[in-house]
Amino acid sequence: MEFEGERDMMKKITAVLLALLLAFAALPVSAAEQADLTVAVASDLHFNLPEETLTYFTDDPVFGYANRRAAMENESGLLIDAFLEDAARQGADFVLISGDLADNGRSLPAEHFAVRDKLLAFEKKTGVEVFVIDGNHDLGDGSETDIEDFKEIYKDLGYDHALSARAEDCSYAADLGEKYRLIALDSCDPTVSTEDGMSAAKVAWVLKQARAAKEAGKNPILMMHHNLLDHLPAQRILSRNFIVRAHFTTAELFADAGIKLVLTGHEHCSDAAAFTSAAGNVICDFATTSLTMYPLSYRLFTFTNSEIAYASQTLRQIDTAALAAAVQGYTEEQLRLMDENLNGFAKEYLKKGVQYRLSLQLDAEKSGLTQGGALYTLLDSVYGRLKELLEMPLYGKGSVSELAAAYGISIPETPYATGWDLATEFVAAHYAGSENFDLRGPEVTALLRLASLILKNVPAQAIEEAVSLPELFSGETLANAKALARSVFGRVNPGEVFIAALVSDLVYGFTSDDALDDNNGVIEGYGSTNRAANLAENIAAFLKRLATAIKNFFSFFIR
Ligand SMILES: [Fe+2]
Ligand SMILES: [Fe+2]
3 MEFEGERDMM KKITAVLLAL LLAFAALPVS AAEQADLTVA VASDLHFNLP
53 EETLTYFTDD PVFGYANRRA AMENESGLLI DAFLEDAARQ GADFVLISGD
103 LADNGRSLPA EHFAVRDKLL AFEKKTGVEV FVIDGNHDLG DGSETDIEDF
153 KEIYKDLGYD HALSARAEDC SYAADLGEKY RLIALDSCDP TVSTEDGMSA
203 AKVAWVLKQA RAAKEAGKNP ILMMHHNLLD HLPAQRILSR NFIVRAHFTT
253 AELFADAGIK LVLTGHEHCS DAAAFTSAAG NVICDFATTS LTMYPLSYRL
303 FTFTNSEIAY ASQTLRQIDT AALAAAVQGY TEEQLRLMDE NLNGFAKEYL
353 KKGVQYRLSL QLDAEKSGLT QGGALYTLLD SVYGRLKELL EMPLYGKGSV
403 SELAAAYGIS IPETPYATGW DLATEFVAAH YAGSENFDLR GPEVTALLRL
453 ASLILKNVPA QAIEEAVSLP ELFSGETLAN AKALARSVFG RVNPGEVFIA
503 ALVSDLVYGF TSDDALDDNN GVIEGYGSTN RAANLAENIA AFLKRLATAI
553 KNFFSFFIR
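Residue numbers (our numbering): 3 to 561.
Laid out in structure tokens, this is it:
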């Protein structure tokens, strides 16, 4: 009996332990662990004062007002309002904005005043503090808004809480609650817009702030307008002014200073990138997309000791009645479409805006060439035919597919109506992040075959002359491009080599992404232990990553 009773007791204890274990296992980490901090991060607001009457650039009845920047300028103020409302609803403790607050901030301080007033009203209404830093659109030496003006205009939006500030630019550091400290770095060049203005002095200042934060028991978070890590393959080359100079060295120094999170903007894409220093410290750069362009999103970060969870938030609604009242010329259809599906509207607006800009740019003279040269003749011919083909329907009677069939090229089935529709889809995917086009899939294949078709319509002699220009292709690049073209098209003519070499870089960049999800995920928190102990292992892992990156980049050429 005694023995039986003991067994019953053991059974009960086991059942209770099991129940407890299951209860804990069911809890997500974030719920089990108290959140230290929640911040809403928006970037590149590019606020514009609305125009009196809607201007149309093309004859598209709905999206013809999409400008060459593809930014929703008239809607920008209402989108900022929608963001602030949403951030408060999501329970953000702080709102951070990583630059380009006003679109014409350099020349039109009135735009800054309007943004500032919105942010101050939000602070007053909700008690949530806003911290800003400047972007290249915000100020310039000798402009209507300079460094001093910016700091004066936004004095109650970060600078009022500054523990330390740089006199020579807009940088400052301020606490975000009990455990975190924001290092807001002015990464801009004060004279040349777009260019990064990183300097040894600025890097040293960040390192000093990170040290001071650690000494005060705070975790340092960096915010700056320019990107720290590549958000496109070889961004340093393809998008030179968007990433800070010496970015690998800088990332190495910042990671080892204990900065795990960097918040950036400028590139207008949603992308997350991670870098591990040789000492094993991980730093993540989150580029946040422009708030007033597709996908109309901002980021929400939730910090616990062990992890940082991030989620992209999409704006779903703006006050279209206020929009119609402020700007003359919106049709009922436009307002209805915005009310029904704001994000879908923004995507189409972006695609039409990009199409408008590219149509203007597809011009041999605008490419900096002078009439008469071999390259000018080629480009002039390619651009003309390209525009025609991009506007034609992709499928059906009188379509690109029909034309392609005459050359023995088949265009795979895709849901896109025209070449423009297909091509701009890749741009939209780049902005939205988490892009996952299959390099062998129908979209990419259709785009490449469309490109090859264009060459079939260009005078052969113009191509031969251009392809043989030594400054265009070294022997090795040409051989690799030939291998690529052979694998895509099955056969090679010089035109296909030329176009394959031109587009492969872009195709790779716009269709693939790294392991870290751009929009939703979890990275290690400030409380997680660093891996400095395993130096040899870390260096080996670093070299392996580098080799993989190089291999991935060239795999498109040499397979
Ligand atoms: Fe921007
Ligand atoms: Fe910018």
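Note that beta-carbon positions come from the ideal geometry of N, C-alpha and C, so glycine has one too.
Note on residue 338: under 16 other CB atoms within 10 angstroms of its CB, so exposed under the neighbour-count rule. For the set 143, 347, 255, the Cα lying nearest the Cα of residue 202 is the one of 255. Membership of residue 177 in the beta strand (DSSP E) is indicated by the continuous run 174 to 178.
The continuous alpha helix (DSSP H) containing residue 363 extends over residues 344 to 363. If you draw a 10 Å sphere on the C-beta of residue 58, you find fewer than 16 other C-beta atoms in it, and that means exposed. Taking all protein chains in view, the Cβ of residue 126 is surrounded by fewer than 16 other Cβ atoms within 10 Å, so the residue is classified as exposed. For residue 319 and residue 414, the gap between their C-alpha atoms comes out near 36 Å.
Per DSSP, the continuous alpha helix (DSSP H) segment holding residue 211 begins and ends at 202 to 217. Look at the beta carbons and you see the segment 115 to 132 not touching the segment 199 to 213: under three pairs across the two are nearer than 8 Å. Those residues that bring their Cβ nearer than 5 Å to a heavy atom of ligand 2 are 102, 137, 138, 268.
When DSSP states are grouped into helix, strand and coil, residue 222 belongs to the strand group. The alpha carbon of residue 523 has as its nearest neighbour, out of 304, 114, 332, the alpha carbon of 304. Under the criterion of beta carbons closer than 8 Å, residue 312 and residue 347 do not qualify as touching, at roughly 26 Å. Bounds of the alpha helix (DSSP H) holding residue 149 are 149 to 155. The beta carbon of residue 418 sits closer than 7 Å to those of 396, 424, 427, all from its chain and outside the five residues before and after it, given in chain order. In the three-state reduction of the DSSP assignment, residue 164 falls in the coil class.
When DSSP states are grouped into helix, strand and coil, residue 423 belongs to the helix group. At a Cβ-Cβ threshold of 8 Å, residue 520 and residue 436 count as neighbours.
Nearest neighbour of residue 308 by Cα position, chosen from 187, 529, 217, 545, turns out to be 529.
Excluding the 5 residues flanking it on each side, residue 451 has same chain C-beta neighbours closer than 6 Å at 411, 413, in chain order. Note that the segment 323 to 332 does not touch the segment 270 to 284; fewer than 3 beta-carbon pairs, one per stretch, sit closer than 8 Å.
Going by C-alpha positions, residue 138 is about 29 Å away from residue 310. Looking from the CA of residue 104, the closest CA among 84, 89, 79, 85 belongs to 79.
Taking a cut-off of 8 Å for Cβ pairs, the segment 87 to 99 and the segment 58 to 73 do not touch, as fewer than three such pairs fall below it. By a beta-carbon distance limit of 8 Å, residue 101 contacts residue 46. Their separation comes to about 7 Å. Residue 46 has its CB nearer than 7 Å to a heavy atom of ligand 1. Residue 158 holds the alpha-carbon nearest to the alpha-carbon of residue 130 among 158, 449, 434, 270. Residue 270 has its CB nearer than 7 Å to a heavy atom of ligand 1.
Residue 379 sits in a helix when the DSSP states are folded into three classes. For residue 133, the enclosing beta strand (DSSP E) stretches over residues 131 to 135. Taken in chain order, the unbroken stretches of beta strand (DSSP E) that lie wholly in the segment 67 to 145 and span 3 residues or more are 96 to 100, 131 to 135. By the neighbour-count criterion, in which a residue is buried when 16 or more other Cβ atoms sit within 10 angstroms of its Cβ, residue 409 is exposed. Under the 10 Å beta carbon count, residue 170 is surrounded by fewer than 16 other beta carbons and is classified as exposed.
Sixteen is the threshold: when 16 or more other Cβ atoms of the shown chains lie within 10 Å of the Cβ of residue 283, as they do, the residue is buried. Exposed is the label assigned to residue 162, since fewer than 16 other Cβ atoms lie within 10 Å of its Cβ.
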